[in-house]
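To keep things clear, I will list the structure first and then write my remarks on it.
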Amino acid sequence: MSACTISIKSFIAQISCPLLAMSGEDIRGFRTKMYSLLSALFRYPSRELESFRFDAQIPSEHYRESANLLKDLFQLRPYEESYEIEFTRLFISAYPKVPCPPYESFYKEGRLMGDCAMELRELYHAFNIDVVREMPDNVSVELEFMGLLTRMESFAERGNFVEILKVEEDMLRKHLTSWIPRFSSCVIKEAKVEFYRRAALLLKRFIEEDLRYVEKLLRQQSLT
-5 MSACTISIKS FIAQISCPLL AMSGEDIRGF RTKMYSLLSA LFRYPSRELE SFRFDAQIPS
55 EHYRESANLL KDLFQLRPYE ESYEIEFTRL FISAYPKVPC PPYESFYKEG RLMGDCAMEL
115 RELYHAFNID VVREMPDNVS VELEFMGLLT RMESFAERGN FVEILKVEED MLRKHLTSWI
175 PRFSSCVIKE AKVEFYRRAA LLLKRFIEED LRYVEKLLRQ QSLT
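Residue 95 in the numbering used here sits at position 101 of the sequence shown, with consecutive numbering throughout.
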């Protein structure tokens, strides 16, 4: 089966593959690509996004809303110089305050580098990951870590595979879905650039659909 290929450089979503059953490996590839893309979208804008290729099949059965929002996002340019100004205003520096700080601790504890950030730092260390340039609860860092977990699934034996899924479920339930809906709502409300509004909506929908998918996988594993 050929992959559905989306070239951000051409800004055209070529999502025309038939809705056939996909293997676990295909879905894993989609999830890895999605986390990689979303992590990049919420880092400081770079022209590298123009050459990013989304060369994974899209499992509409499990990610129907995400697939549609992905198409909507790719109708827009992934990089413009104005995005740098907007990113800075939304997430880094603005007067009298930053509208949407991209940190879990801010939404759950009303401060930066709170308990959840420390918990994430310890979790990353358990996987031999050191976060140097950003806070451990930065949205982009959390998404990048989820992408790493999905890649690890490919090399895990059954017992380890289940343990990785449990870490993913914990990340999604205890961290990502516990604060990103509020963060995304803030971006949708405050952004002056449509690209960030669409990216925020895609982020919110994807993590919700991904949590349901991971929970389904764990239920299936418990029956085997």
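Yeah, the Cβ is synthetic: ideal placement off N, Cα and C, and Gly gets one too.
Exposed unless 16 or more other CB atoms sit within 10 angstroms - verdict on residue i
i	result
M112	exposed
F46	buried
G141	buried
P95	buried
I23	Looking at the sequence shown, residue 23 is not Ile but Gly. G23 comes out buried.
L32	buried
I68	According to the sequence shown, residue 68 is Phe rather than Ile. The residue in question, F68, is buried, as its Cβ has 16 or more Cβ neighbours within 10 Å.
Three-way DSSP call (helix, strand, coil) for residue i in this model
i	result
F177	helix
V125	coil
I52	coil
M146	helix
R191	helix
A7	The pLDDT assigned to A7 is 39, lower than 50, so where the model puts this residue is not dependable; a value taken from the coordinates is nonetheless given after this. Note: A7 maps to coil in three-state DSSP.
L196	helix
Y29	helix
E184	helix
E19	helix
A111	helix
F85	helix
E74	coil
L166	helix
Short Cβ contact (8 Å threshold) for residue i with residue j
i	j	result
E98	W173	yes
Y73	P39	yes
C156	Q215	A quick correction: the sequence has Val, not Cys, at residue 156. Yes.
L84	L196	no
L43	A193	no
A185	E80	yes
Y281	R213	Lying outside -5 to 218, the shown extent of the chain, residue 281 is not represented and no answer is given.
L166	M129	no
E162	V126	no
F149	Y118	no
In DSSP terms, what residue i is bridged to
i	result
Y97	N132
Residues near residue i in its chain [Cβ-Cβ closer than 7 Å; skip 5 each side]
i	result
T171	I201, E202, L205
S76	V187
L211	L159
S41	Rather than Ser, the amino acid found at residue 41 in this sequence is Arg. The answer, listed in chain order, is Y73.
L217	none
Neighbourhood of residue i by C-beta distance below 6 Å, restricted to the same chain and skipping five residues each side
i	result
R145	T26
Other residues of its chain near residue i: CB distance less than 8 Å, five sequence neighbours each side excluded
i	result
H169	E98, C110, L114, D131, E136
I123	F139, L142
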